[in-house]
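Residue numbers (the working numbering): 101 to 216.
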(Lines of atoms letter the chains of each structure in order from A and count residues from 1; the text may use other names and numbers.)
(Lines give C-alpha, C1' and ligand atoms only; values in the text may rest on other atoms or scores of the structure.)
Protein backbone atom coordinates (compact mmCIF):
# COMPACT_ATOMS: atom_id res chain seq x y z
CA UNK A 1 0.00 0.00 0.00
CA UNK A 2 1.30 3.47 -0.80
CA UNK A 3 2.08 5.47 2.34
CA UNK A 4 1.88 9.10 3.40
CA UNK A 5 5.21 10.03 1.79
CA UNK A 6 3.90 8.70 -1.53
CA UNK A 7 0.71 10.71 -1.08
CA UNK A 8 2.62 13.89 -0.24
CA UNK A 9 4.75 13.44 -3.37
CA UNK A 10 1.56 13.14 -5.45
CA UNK A 11 0.07 16.21 -3.81
CA UNK A 12 3.20 18.22 -4.56
CA UNK A 13 3.19 17.01 -8.16
CA UNK A 14 -0.51 17.61 -8.86
CA UNK A 15 -1.42 20.64 -6.69
CA UNK A 16 0.17 24.06 -7.20
CA UNK A 17 -2.23 26.32 -5.32
CA UNK A 18 -0.96 26.96 -1.79
CA UNK A 19 -4.46 27.48 -0.39
CA UNK A 20 -5.64 24.16 -1.79
CA UNK A 21 -2.57 22.40 -0.38
CA UNK A 22 -3.28 23.90 3.07
CA UNK A 23 -6.89 22.76 2.80
CA UNK A 24 -5.83 19.21 1.94
CA UNK A 25 -3.34 19.06 4.82
CA UNK A 26 -6.01 20.46 7.17
CA UNK A 27 -8.52 17.82 6.13
CA UNK A 28 -5.86 15.14 6.61
CA UNK A 29 -5.11 16.38 10.15
CA UNK A 30 -8.79 16.47 11.10
CA UNK A 31 -9.53 13.03 9.63
CA UNK A 32 -6.51 11.55 11.43
CA UNK A 33 -7.79 13.06 14.69
CA UNK A 34 -11.15 11.32 14.29
CA UNK A 35 -9.43 8.05 13.34
CA UNK A 36 -7.39 8.26 16.55
CA UNK A 37 -10.53 9.01 18.60
CA UNK A 38 -12.33 6.01 17.09
CA UNK A 39 -9.39 3.60 17.26
CA UNK A 40 -9.20 3.42 13.46
CA UNK A 41 -6.18 3.28 11.16
CA UNK A 42 -4.82 6.85 11.13
CA UNK A 43 -2.56 6.18 8.14
CA UNK A 44 -5.41 4.84 6.02
CA UNK A 45 -7.87 7.55 7.01
CA UNK A 46 -5.18 10.20 6.60
CA UNK A 47 -4.60 9.15 3.00
CA UNK A 48 -8.24 9.83 2.19
CA UNK A 49 -8.06 13.26 3.82
CA UNK A 50 -4.81 14.19 2.14
CA UNK A 51 -5.79 13.08 -1.37
CA UNK A 52 -9.50 13.90 -1.53
CA UNK A 53 -9.02 17.00 -3.76
CA UNK A 54 -5.96 15.78 -5.66
CA UNK A 55 -7.38 16.46 -9.14
CA UNK A 56 -9.25 19.69 -8.36
CA UNK A 57 -6.78 21.84 -10.35
CA UNK A 58 -6.05 19.37 -13.16
CA UNK A 59 -9.58 18.19 -13.81
CA UNK A 60 -12.24 20.20 -11.94
CA UNK A 61 -14.97 19.12 -14.36
CA UNK A 62 -14.26 15.46 -13.60
CA UNK A 63 -13.30 15.75 -9.90
CA UNK A 64 -12.70 13.30 -8.19
CA UNK A 65 -12.90 10.62 -10.91
CA UNK A 66 -9.55 11.50 -12.51
CA UNK A 67 -7.71 11.21 -9.21
CA UNK A 68 -9.45 8.00 -8.18
CA UNK A 69 -8.55 6.31 -11.48
CA UNK A 70 -4.91 7.28 -10.98
CA UNK A 71 -4.87 6.31 -7.30
CA UNK A 72 -6.40 2.92 -8.14
CA UNK A 73 -3.59 2.29 -10.65
CA UNK A 74 -1.07 3.13 -7.92
CA UNK A 75 -2.59 0.59 -5.53
CA UNK A 76 -4.39 2.80 -3.02
CA UNK A 77 -6.94 0.87 -0.92
CA UNK A 78 -10.55 0.74 -2.08
CA UNK A 79 -11.67 2.13 1.30
CA UNK A 80 -9.70 5.32 0.57
CA UNK A 81 -11.01 5.52 -3.00
CA UNK A 82 -14.61 5.00 -1.86
CA UNK A 83 -14.31 7.83 0.67
CA UNK A 84 -12.88 10.16 -1.99
CA UNK A 85 -15.71 9.28 -4.38
CA UNK A 86 -18.34 9.64 -1.63
CA UNK A 87 -17.18 13.15 -0.75
CA UNK A 88 -18.66 14.17 -4.14
CA UNK A 89 -21.67 11.86 -4.10
CA UNK A 90 -23.72 14.47 -5.98
CA UNK A 91 -21.38 13.96 -8.97
CA UNK A 92 -20.16 10.37 -8.56
CA UNK A 93 -23.33 8.69 -7.31
CA UNK A 94 -21.25 6.96 -4.62
CA UNK A 95 -23.07 7.37 -1.33
CA UNK A 96 -21.22 7.72 1.98
CA UNK A 97 -21.64 4.47 3.90
CA UNK A 98 -18.59 4.02 6.14
CA UNK A 99 -17.44 6.08 9.10
CA UNK A 100 -14.45 7.19 7.02
CA UNK A 101 -16.75 8.43 4.24
CA UNK A 102 -18.80 10.49 6.68
CA UNK A 103 -15.82 11.85 8.60
CA UNK A 104 -14.10 12.91 5.37
CA UNK A 105 -17.19 14.81 4.23
CA UNK A 106 -17.55 16.58 7.59
CA UNK A 107 -13.86 17.46 7.85
CA UNK A 108 -13.78 18.70 4.25
CA UNK A 109 -16.67 21.05 4.95
CA UNK A 110 -15.17 22.33 8.19
CA UNK A 111 -11.68 22.81 6.75
CA UNK A 112 -13.25 24.55 3.76
CA UNK A 113 -14.32 27.32 6.12
CA UNK A 114 -10.65 27.93 6.93
CA UNK A 115 -8.68 26.99 3.79
CA UNK A 116 -10.14 26.67 0.32
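C-beta: ideal position from N, C-alpha, C; glycine also.
- Counting C-beta pairs with one atom in each stretch, the segment 119–126 and the segment 138–148 have fewer than three that are closer than 8 Å, which means they do not touch.
- By the Cβ rule, the segment 130–143 counts as touching the segment 196–214, because three or more pairs are nearer than 8 Å.
- At a cut-off of 4 residues, the continuous stretches assigned as alpha helix (DSSP H) that sit fully inside the segment 111–175 are 118–138, 142–151 and 165–173.
- Residue 153 sits away from residue 166, with the two beta carbons spaced by 7 Å or more.
- In this structure, the CA atom of residue 190 is about 19 Å from the CA atom of residue 211.
- Only exposed fits residue 214, as fewer than 16 other CB atoms lie within 10 angstroms of its CB.
- One Cα belongs to residue 158, the other to residue 129, and the distance between them is close to 24 Å.
- Measuring C-alpha to C-alpha distances from residue 111 to each of 170, 197, 183 and 161 identifies 170 as the nearest.
- Under the 10 Å beta carbon count, residue 109 is surrounded by fewer than 16 other beta carbons and is classified as exposed.
- The shortest CA-to-CA distance from residue 120 to any of 198, 160, 193 and 201 is the one to 160.
- Look at residue 197 here: in three-state DSSP terms it is coil, with no helix or strand label.
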